[in-house]
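Right, one structure below, let's go through it.
In our numbering, the protein residues as written are 2 to 77.
Structure representation (structure tokens):
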């Protein structure tokens, strides 16, 4: 079960990010990166033509810290 930090809940609402998109990014990412004890899940959202980036602790992928649309990364 995916859990959300209070910050993540706030940012998802503020940014208009659906939790279903976050869960899809974690379950079926296009790319996964690890940086400074964080895991970054990247998922292209074709309907929106944008990359979604979801951040979790490296040791707890079911705990979302934040998520945002990354306009600097190409969405193939």
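Even for Gly, the Cβ is constructed at its ideal location relative to N, Cα and C.
DSSP puts residue 68 in a beta bridge; with which residues? Within the chain shown, numbered from 1, the residue matching residue 68 stands at position 67. According to DSSP, which records beta bridges pairwise, residue 68 is partnered with 55.
Close-in-space but distant-in-sequence residues of the same chain around residue 12 (CB under 8 Å, 5 per side omitted): Here residue 12 refers to the residue found at position 11 when the chain shown is read from its first residue. Cβ within range, chain order: 18, 67, 68 and 69.
In this structure, what does DSSP give as the bridge partners for residue 45? In the chain shown, counting from the first residue as 1, residue 45 sits at position 44. For residue 45, which the question treats as bridged, DSSP gives the partners 52.
Evaluate residue 57 with the Cβ neighbour count: other Cβ atoms within 10 Å of its Cβ, from every protein chain shown; 16 or more gives buried, anything less gives exposed. Residue numbering aside, residue 57 sits at position 56 when the chain shown is read from its first letter. Buried.
Under DSSP, the alpha helix (DSSP H) around residue 15 begins and ends at which residues? Looking up residue 15 in the chain shown gives position 14. Residue 15 -> alpha helix (DSSP H) spans 7–16.
Tell me residue 34's beta-bridge partners as DSSP assigns them. Position 33 of the chain shown, counting from 1, holds the residue named residue 34. DSSP lists 41 as partners of residue 34.
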